[in-house]
Amino acid sequence: MSYDESLDFLYEMEKKHPELIKIEKIGTTYEGRDIVLAKISKNVETADSKPAMLFTGSIHAREWVGHELALKFISYMADNQDIDPSLEKSLTESTMYMVPCLNPDGYEYSRQHFSFWRKNRRKNHDGTIGVDLNRNFSIGFTKQSNTSSNVYGGEEPFSEAETSAIKAFVDSHENITIAFDYHSQGNVFFPAHKFMHEAEVDGTDMNALCANMNDEFAKVTGRKYGIHRGKPPAGLISGSGREYYYSKGIIAIVAEVGTKNIPDYMKSMSGSINENIPALKHAFSEVINYSAVAPKRVDEFTIESRDATSVTLIWQYEVRDDIFFEVYRSTKDKDACNERTKVGVVGGMSFTDTDLSSSTNYHYTIRAVNKTTGYKSPFAPVVKVRTWLEDDEFFKLIFANKSGTGYVGEFTQEQNRSHFGLNSLFVGINKSRGICDAVMSFDMDSIPKNAIIKSARFYIYPMNRVGAKIERFGEWNLSLLEQESFTEVTDFHEVENAKSKGVMGRAIQSSKLTQGIWNHWSFSKHECELLQEKIDKGEAVFRLDGPKTLPDGEDSQMMQFDIGYGQYGGGIHYRPILDIKYTLENEKIKLASDTRTTISVEKVEEGLKSGFDKEGSRVYGYLDFDLSQLPDPQTTMITQCALRIRNNNTFKTKSDVRYYVELVEVDEVGTYEDIKNREKIEYIGYEVAESDMGNKECQYFKFDTLSKQVLDAMHQEGKKLKLVIKPTSSLGMKNRIVEWNDDAELVIKYIPKRRTAVAKVENLKIAKENKMIKLSWDKVEDEALTGYYVVRNSFHTPNHFMDGVKIYGGKDTYTYDNFASFDKEKYYAVFAYDDVPNFSEPAVIKYNPLEKY
Ligand SMILES: [Zn+2]
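Quick note: the sequence shown uses the working numbering, first residue 308, plus one each step.
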């Protein structure tokens, strides 16, 4: 629609739905056009007294989709206000303020004269035309001398009619809780930030809102948008509307829709609009949850404990009968918080999540819900936790190495070498670079040669998809290369033609290229086997490649991934990661029994027998083992155990006698009473039936998980393992005794693995140096020390190595936090770790902005 057509449409809608829609003029542009705002709410006269959402579109002239979407959404709301109960509820309790086009002069200029126009149409003092309205707000405003620049922000903040009109409206409407500013392109959300590269308490609210909208897109088009907050050291934009709204306490998000500013309307823009209608409806339903009537946010949401298969979370809240809590969990970065991911509804202040996978990253958040009103609180900041290892497991997070990680372009032969360790990974194709592949190399030497890989995940951080300009075109594949098939990783043809061991995981479709959201592939068993072959080679080299051709008339389908390093890298936290869980080949030891005794009513005698005596009383067999023959318990983990035993005699007649082996606690076996009154600790695995004894040479009593744990504990405590063989029968057997051979033995499988962490780091200190926060600590004197892991958390003390942003991992006893702000309180934790890795207790220090360092 032209701007005039849209005005006609809006006034027509107001006339048709006077109870629902009210059009207000909020300003006049340089060229004299009205800037209008539509108020939409049930009983619209009361609109300003309800919590509200602000929608602004087309502040950039050429980004037409915002304008068009607003008009379509207004129609949708008018048509469905009495049909869709959730929409009806939103319209009853909340208000939608929509400025379909915040730059009418520029929009018309783009429509009629020059489609690529971005700014407004004011005449600058030196005769050039236009101010970038989204650089003309006050937060972070920078005055630029080049007035002809596309991002020229004007003489001073709010010098423009359009920005001062929206400022006046927002300043006088404190009921606004959520603001969306619609732009194109990139299929990405940019939530607001406070010009500090640190987590904000409402960061999770913005991420969750966008992620929930992603679930709505998925239903319509299968598409997923990126969710990207400003990340260092990329330049942050100055003077934008989003940051101004955010400074007023509003949840503020920019939506960049589509892959082109002015796309094929039928093919692409209509899809973008269709997917955004249910998404906007969802955002509208959240407005009330950020208003004064909503419950307050949960405090101190954190991890109490975790093991290999469960996580216990705790939090604080005032005790109230009308409040319950919803807990959300996902293994994915920036996932939705809705019915799909809700794992707990609880009344108390703790929740245990069970049946999880070991050594896996889980993300949790929580919100309080008022039972009476149904209003929900904002989210607590996301807590990340990695479940612990099973007894026989180790893990390694291997980061892509600097010299073997870069991209190679078909037309950039000369420069390709210089990309390594420096430039982010450009993958796909465009006119100037040709086909581009990424190579990522991982040193495998931290993994022992006899490791058996149980699972592996590959993480990569997509940082920009502006160069992927075609909707639904191409896919991005990860493959493991055969080292023998290339010699030079910086050579395009060698990499492009290198032989692949196979494509790992599923391809990423162009519709799922989500910048700002970690992407990961989980390897199948077969893929783990392929990776395992690389342990011997000492290195695994992966290639990521995208589309190799472009449709006619198109110039780019290129995706940019982070390598952590270089001018645009986000820091070491953002390097590609290979996350490997492995076990080791088992070692085996056989222990002969120390004592073998038979205990019947009549006597205690040497040798091992069990069954029923002439009177039908039980005869017990007793045997024990000296566990001190096993290797040092501090560095040994028992993985399997079985009692192997042979019977010397069998019976001709059948019976139902079955034999159990019990792990017992007895001081001595001097009398029948001692055994009768024994304290049973565990049954060992399964019983053996008499009928099996004829056809198997040996009987194996396998230790189940619980009895293996008891064995493990006895090993650590240096105790003897004491076993009783107990016969059972339902038939009242008499005179039926099995003689067991003297060569009974305990078959134990184990792996060398440290059980406990090295000592906690001491003397952790903060200093300011080179305009950065510097942390230093004393060296932990222990040969088992592999390194230190440093984490920053903006909200609470990190009590787990995953609970925050990784600042450092390595052997140095100091590190700088390059990206931390001096003005914000935060906590640091340093963990010392060994090669399992077991992590020490954290050494924690708080950074206080008011203190001198
Ligand atoms: Zn824009």
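Where is the CB? At the ideal position from N, CA and C, for every residue including glycine.
Since we're looking at a predicted model, the values are computed, not measured.
- With contact defined as three or more Cβ pairs closer than 8 Å, the stretch 513–527 and the stretch 582–591 are in contact.
- If you compare the alpha carbons of N410, N457, D386 with that of A472, the shortest gap goes to N410.
- Y967 and G977 have their C-alpha atoms some 21 Å from each other.
- Contact between E633 and V690 is ruled out by a C-beta separation of about 15 Å, above the 8 Å threshold.
- Take the alpha-carbon of N1100 and the one of G434: they are about 50 Å apart.
- Judged by beta-carbon spacing, N453 lies beyond the 7 Å limit of G437, meaning their Cβ atoms are not closer than that value.
- A475 counts as exposed, since fewer than 16 other beta carbons sit within 10 angstroms of its beta carbon.
- Taken atom to atom, the span from the alpha-carbon of A359 to that of N723 is near 51 Å.
- With 16 or more other CB atoms across the displayed protein chains lying within 10 angstroms of its CB, F1138 is buried.
- According to the DSSP assignment, Q419 belongs to the alpha helix (DSSP H) that extends over 411–419.
- Comparing alpha-carbon positions, the option among Y597, D798, E997, L837 lying closest to R1043 turns out to be E997.
- Cβ neighbours of K703 within its own chain (closer than 7 Å, five residues either side excluded): S753, I754, I887.
- One thing to note: P940 has its Cβ within 7 Å of the Cβ of H1022.
- If you check the CB distance, K349 and T399 come in under 7 Å.
- Looking at the DSSP output, R850 bridges to V746, S786.
- Nearest to Y881 by C-alpha distance, out of D628, I1114, E395, A468, is I1114.
- In chain order, the residues positioned with their C-beta nearer than 5 Å to some heavy atom of ligand 1 are H367, E370, H490.
- Within the DSSP bridge table, the entry for V968 names I1032 as partners.
- Look at P940 here: in three-state DSSP terms it is helix.
- For M384, the uninterrupted alpha helix (DSSP H) segment begins and ends at 372–387.
- H490 and G413 do not touch by the CB rule: their CB atoms are close to 13 Å apart, not below 8 Å.
- Taking a C-beta distance under 7 Å as the contact criterion, I595 and F380 do not qualify as a contact pair.
- Comparing C-alpha distances from S786 to each of L851, L1030, I767 shows the shortest one belongs to L851.
- Restricting attention to I534, Q451, N1155, the CA atom closest to the CA of E462 is found in Q451.
- 7 Å or more divides the Cβ of N757 from the Cβ of L885.
- The DSSP-derived three-state label of L314 is helix.
- For I483, the enclosing beta strand (DSSP E) covers residues 483–490.
- If you draw a straight line from the Cα of P854 to the Cα of S863, it comes to about 10 Å.
- Minimum Cα-Cα distance from D750 among the listed residues K841, S666, I879 corresponds to K841.
- Of all alpha-carbon atoms in F793, S831, G713, the one lying nearest the alpha-carbon of S762 is that of S831.
- By the neighbour-count definition (other C-beta atoms within 10 Å, threshold 16), T712 is a buried residue.
- The straight-line gap separating the alpha-carbon atoms of D389 and L696 is approximately 53 Å.
- Between the stretch 865–884 and the stretch 993–1013, the count of Cβ pairs shorter than 8 Å is below three; the stretches do not touch.
- For D931, the uninterrupted beta strand (DSSP E) segment begins and ends at 925–933.
- The C-alpha of Y597 lies about 14 Å from the C-alpha of F487.
- Annotation for R636: no alpha helix (DSSP H) segment contains it, though the beta strand (DSSP E) segment containing it runs 630–637.
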